[in-house]
Amino acid sequence: MMFVQHRLKQAVIRALKARNLLVAPERNVLSLGIGWRVVDVMRKVVRLMFLGCLLAFSTNSFALSESEAEDMADLTAVFVFLKNDCGYQNLPNGQIRRALVFFAQQNQWDLSNYDSFNMKALGEDSYRDLSGIAIPTAKKCKALARDSLSLLAYVK
Numbered sequence: 125m126m127f128v129q130h131r132l133k134q135a136v137i138r139a140l141k142a143r144n145l146l147v148a149p150e151r152n153v154l155s156l157g158i159g160w161r162v163v164d165v166m167r168k169v170v171r172l173m174f175l176g177c178l179l180a181f182s183t184n185s186f187a188l189s190e191s192e193a194e195d196m197a198d199l200t201a202v203f204v205f206l207k208n209d210c211g212y213q214n215l216p217n218g219q220i221r222r223a224l225v226f227f228a229q230q231n232q233w234d235l236s237n238y239d240s241f242n243m244k245a246l247g248e249d250s251y252r253d254l255s256g257i258a259i260p261t262a263k264k265c266k267a268l269a270r271d272s273l274s275l276l277a278y279v280k
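Just so you know, this note's numbering puts the end of the sequence shown at 280, numbered straight through with nothing missing.
As structure tokens, then:
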């Protein structure tokens, strides 16, 4: 008896599908009178939206790369050089820190792993490289001040 009921049910479903009269999918989905094709399209749209949200959140999670850390160390070395060798001893350290953070934010760098780099060693290497450039100190100071002090003024 169960077999006959099942076969009859399958025959009715096939007949309704053939005439596009079946409004609910065969699967256990409450479709509120929506056709089964529409439900499948809605599922695909929801999946794509979910995937898009995941990708949107993952794009902002890039950590500071080695080259970006070196750029931060180079800029730090420029400010240290200006303070130590060019007569700008009155530059406040807090303002220099704010300028470095502003520089990183403008480049959309994630500083969450900043402490994983040996920034002191990188900064000392950059300072040595900057000091070793064979240009008279006065000319070097003038060029560095012209190109970097505006950043300090901007974050003040």
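Just so you know, even glycine gets a beta-carbon here, dropped at the ideal spot from N, CA and C.
Using a C-beta cut-off of 8 Å, the region 262 to 273 makes contact with the region 205 to 216, since at least three inter-stretch Cβ pairs fall below that distance.
A check of alpha carbon separations from ALA277 across GLN232, ALA245 and ARG221 identifies ARG221 as the nearest. Of the residues GLN134, ASN231 and ASN217, the one whose Cα lies closest to the Cα of MET196 is ASN231. Closest by C-alpha distance to ASP234, out of LEU254, TYR251 and ALA187, is ALA187.
Straight through space, the alpha carbons of MET243 and SER189 are spaced by roughly 12 Å. Of the residues assessed, PHE203 falls on the buried side of the cut-off, its CB having 16 or more other CB atoms within 10 angstroms. Per DSSP, reduced to three states, the secondary structure at PHE241 is coil, with no helix or strand assignment. Counting along the chain, the unbroken alpha helix (DSSP H) around ASN208 starts and ends at 190 to 209.
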